[in-house]
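Below is one structure; the comments refer to it alone.
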Amino acid sequence: MNFEISDLKARLEACETDLAAHRGYLKALEYGVRTLIITHPDPDLLSRAWESILPGITEAHGPEGGWIFNAAFQQLLSVLTQQIEARGGKVGD
Numbered sequence: 031m032n033f034e035i036s037d038l039k040a041r042l043e044a045c046e047t048d049l050a051a052h053r054g055y056l057k058a059l060e061y062g063v064r065t066l067i068i069t070h071p072d073p074d075l076l077s078r079a080w081e082s083i084l085p086g087i088t089e090a091h092g093p094e095g096g097w098i099f100n101a102a103f104q105q106l107l108s109v110l111t112q113q114i115e116a117r118g119g120k121v122g123d
């Protein structure tokens with residue numbers, strides 16, 4: 031029994047380490063995307079491009095990863111949309 035518990039503990043620690051690495055990777059990407067939005071030379075073009083691809087993004091990844099994935103996915107799409115709108119104009123205008 032101790033072997034099973036220690037094995038499960040090691041696997042859990044490995045998953046936590048992997049998750050922390052992925053969170054760091056995603057956070058770095060988030061800041062990179064924010065920088066690209068802020069410095070885009072044509073905010074209106076960025077807004078129109080985002081508007082045109084947004085429906086395809088949600089269709090392509092809709093029910094893919096369960097409710098936690100979907101909630102996080104929709105939250106980040108909303109944040110990106112807000113940042114693009116703040117820089118250029120309303121998406122959908």
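This note's numbering numbers the first residue of the sequence shown as 31 and each following residue consecutively. For glycine and all other residues, C-beta sits at the position ideal for the given N, C-alpha and C.
- Contact between the segment 106-118 and the segment 76-83 is present: 3 or more CB-CB pairs across the two stretches fall below 8 Å.
- With a cutoff of 9 Å on beta-carbon distance, Leu76 and Gly118 are scored as near each other.
- If you look at Asp37, you'll find it in the alpha helix (DSSP H) that goes Asn32 to Thr69.
- Counting along the chain, the unbroken alpha helix (DSSP H) around Gly96 starts and ends at Gly96 to Arg117.
- Excluding residues up to 5 positions away in sequence, Arg117 and Gly118 lie with their Cβ nearer than 6 Å to the Cβ of Pro73 in the same chain.
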